[in-house]
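Start counting the sequence shown at 23; every next residue gets the next number (the working numbering). We treat Cβ as the ideally placed atom computed from N, Cα and C, and that holds for glycine. A quick note: this is a predicted structure, and the numbers were derived from the prediction, not measured.
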Amino acid sequence: MRRPRILIIGSGLAGTATAIRLLRFARAPLEIVLLERRPDYRYAGVAYHRDGNPWDHVFNIQAGRMSAFREDVDDFVRWANDEADRRHWPAPWTDFDFVEHGPAPRRIYHDYLTARIAEARREAYPDVDLIEAEGEAVDLAIRGEQAEATIRHAAGHTSTLTADHVVLATGLELKSPAFAAEVLGHDAFIRQPYSTDGVRRLLSIPAGSSVVIVGTVLSAFDSAALLLRQGHTGAIHLVSRSGTTPRTYPDDHQHGVIQLPAPARLLEPYRNRDEFLARVHEEWKTACATVRAEHPGMAETVVTERTAKAWEPYLPEIIDLIPTYELRQLLDEFGTQIAALRVGAVPYTTAIVEDAMTSEHVEVVLGKVQQVEPVGPVQLAVTVAAPATRRVILADLVVCNFGREADYTQVGSPLWKNLLAKHLVTAHRRTGRGIEIDEQGTPLRPGGEPIAPLSAIGVMREGDEIVRNGRSGAFAFNLAAIKNHSIVVAAHVIERFELRCDGEARLAAADFGATFEQDEAFEAAVALEVRRLAARSRNERRRLDDRLEAHLRATATFRAPLSDGRGHLVRAAVHQAAVERLTDISVTPRQLRHQLRITTEEAEIT
């Protein structure tokens, strides 16, 4: 019998995380094809590839939050301290002791993901294989229960690949900055600051040059900090409409989740923008005051993060009350501020920029970049417009952190143009960000019909994360969200091909789970499945799988469905419940691990 083939389009963080989960979850033969158009981005993507991240670029958040596995929160720090090959690392990282609340260079994440996918390949079941392929997917066609991908190769020719399931993990799509149309190819304009070429030009600019950085949040701070660490002495201008800058985490900061009551006034009917914003302001002040009162030892810089996280469970209901046009306007206007409230940065990144601000070496310029145009042979003129002022800044270099294209009807890639033209995906109606998907990450046609052979993971799920889970700012598509996406999508694939549960069968399995709710035997089965899904070694998974099968067969609760041919539905119900536990965002990863009694050492499993 032919084994199912899963094609993952994109091998950055999202694609790599999904491939790892598939390699770990699968018990039956499976072929996983990981397609990447840029070899240097494999197992890293634009965010973490080595050439785009000098050693001075560190993670914006603490090292302890960078594990690729939500159920194993210390994995990245453990790897960096005990497994990473440091022979070619420069000072101070050669002898650096990584800790949960400290910094870590972004570029080593490439090595970390490479190591973890290599481990997953070694520990996969027999005939569960990962194949690395190169090329750009430019089109997809659905043929019954399969998908046919058209792939364009570097040499210029195209080929087709038939797959039983396709995972879209294409990553960020660049937004075309209209204000810079004249200078996109200019030597003094950097459109992609995390690209190899962008970093090279940042590092090679003369120290006394005038630099304009479009943006004032985390990516802008990355560019400014890199220049300053290279000894830059010229003026650096950070430009944005809001002037919002990232908060700095305390040195001993640890991620946490608190509980707050629902902001009751925000659940009242929506009247108009000004009245709604006034209610938000008052409820926000009250919520922050409550956090300060109930947690007197909490650092002030963490209060907004805790408050924003505590509001997430209530946001879907609140968002549902806001008219679509108003919702889009609010997201566009306040997206940067929301992101800054929801996440901070480590002192390694912020301190050097903030110090330069006090000496006026770095200036925050309030206003909208209206135009960037060439002046003479090498310089650019940046026009910044504010409500009452207009300013022109002469720059030797302009770094554009204008960001991604969230509206997929405007994305320029041939793949996404074809997916939209064929109605295989639908732009997200409520937010205009990303695409419409269901709970399993399956894209929906304009009429709401799921495309069974397709899944989506990562940034294209932003709109759905906002309205379904209340995930705000970059948390709609960052590492934390991708960890859960990878679990859900990989589990869905396993249900389709290994547990024979798709469509109505999946609903039937969910009904089984509902009937077994609060049943001790079912809870014990789910606990075993959780630990199996989290296990790293093949032998550990086999042992847990055997124990689960024995438990199901020995328990009276499951005898009837097991004996009449519905055993796969029971197993799927257990699987679904385990996935739901692993992706619970109401607790921190460390709390989750404790709740689920997950261990890493084989000897600890009893």
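Helix, strand or coil at residue i [DSSP, three-state]
i, result
"Ala512", "helix"
"Ile31", "strand"
"Lys197", "coil"
"Val68", "helix"
"Leu288", "helix"
"Pro272", "coil"
"Thr180", "strand"
"Ala557", "coil"
"Ala41", "helix"
"Glu624", "Bear in mind that a pLDDT of 37 at Glu624, under 50, signals an unreliable position, so the number given afterwards is only what the model happens to contain. Looking at Glu624 - three-state DSSP - the assignment turns out to be helix."
"Ala428", "coil"
"Ile160", "At residue 160 the sequence reads Val, which differs from the Ile that was named. The answer is strand: DSSP assigns Val160 an E or B state."
"Glu93", "coil"
"Thr172", "strand"
Buried or exposed by the 16-neighbour rule on C-beta atoms within 10 Å, applied to residue i
i, result
"Arg293", "exposed"
"His597", "buried"
"Leu416", "exposed"
"Val387", "buried"
"Tyr370", "buried"
"Pro76", "buried"
"Val150", "buried"
"Arg109", "exposed"
"Lys331", "buried"
"Thr628", "Caution applies to Thr628, whose pLDDT of 31 falls short of 50 and renders its modelled position unreliable; the model cannot decide the point."
"Thr270", "buried"
"Glu626", "In this predicted model, Glu626 has a pLDDT of only 36, less than 50, meaning its place in the structure is not dependable; the value taken from the coordinates is given anyway. With fewer than 16 Cβ atoms within 10 Å of its Cβ, Glu626 is classed as exposed."
"His79", "buried"
"Pro26", "buried"
"Asp244", "buried"
Contacts around residue i, its chain only, beta-carbon distance under 6 angstroms, and the 5 residues preceding and following it disregarded
i, result
"Glu624", "Because Glu624 carries a pLDDT of 37, less than 50, the predicted location of this residue cannot be relied on, and no value is offered for it."
"Val236", "Val261, Val391, Cys422, Asn423 and Phe424"
"Glu304", "none"
"Arg263", "Lys390"
"Ile227", "Leu419"
Range covered by the alpha helix (DSSP H) that runs through residue i
i, result
"His445", "Neither: His445 is in no alpha helix (DSSP H) and is coded neither H nor E."
"Leu277", "According to the sequence provided, residue 277 is His. The question's Leu does not apply to it. From DSSP, His277 is part of no alpha helix (DSSP H); its letter is neither H nor E."
"Arg565", "Arg560 to Ala576"
"Gln617", "Pro611 to Leu618"
"Ala326", "A quick correction: the sequence has Thr, not Ala, at residue 326. Element bounds for Thr326: Glu322 to Trp333."
"Arg528", "Glu526 to Thr537"
"Thr136", "Ile130 to Arg144"
"Ala102", "Asp97 to Asp104"
Beta-carbon proximity list for residue i, same chain, < 7 angstroms, skipping 5 on both sides
i, result
"Val510", "Gln462, Gly463, Val601 and Thr605"
"Ala557", "Arg563 and Leu566"
"Asp133", "Ala106"
"Glu145", "Arg558, Ser559 and Arg560"
"Val325", "Cys310, Val313 and Arg314"
Close Cβ partners of residue i (< 8 angstroms) along its chain, the five nearest in sequence each way excluded
i, result
"Glu167", "Asp186, Ala474 and Pro475"
"Glu195", "Arg426, Glu427, Tyr430, Val433, Gly434, Ser435, Trp438 and Val481"
"His573", "Ala543, Ala546, Ala547 and Leu550"
"Val205", "Phe211, Val394, Glu395, Pro396, Leu402 and Val420"
"Ile139", "Thr38, Ala41, Ile42, Leu45, Tyr65 and Leu152"
N-terminal and C-terminal residue of the beta strand (DSSP E) that residue i is part of
i, result
"Cys422", "Leu419 to Cys422"
"Val596", "Taken as a continuous stretch (DSSP letters only), Val596 belongs to no beta strand (DSSP E), being part of the alpha helix (DSSP H) at Gly589 to Leu604."
"Asp151", "Val150 to Glu156"
"Glu297", "Note, Glu297: premise wrong, no beta strand (DSSP E); alpha helix (DSSP H) at Arg295 to Glu316."
"Leu56", "Leu52 to Glu58"
Short CB-CB distance (under 9 angstroms) between residue i and chain B
i, result
"Ile212", "Note that chain B does not occur in the displayed structure, where there is just one protein chain."
Query raised in the report: Which parts of the stretch 205-265 are runs of the beta strand (DSSP E), unbroken and 3 residues or longer, counting only runs that do not cross its ends?
Result: 233-236 and 258-262
Query raised in the report: Going along the chain, which unbroken runs of the beta strand (DSSP E) with 3 or more residues stay wholly within the stretch 344-424?
Result: 384-388, 390-397, 401-407, 412-417 and 419-422
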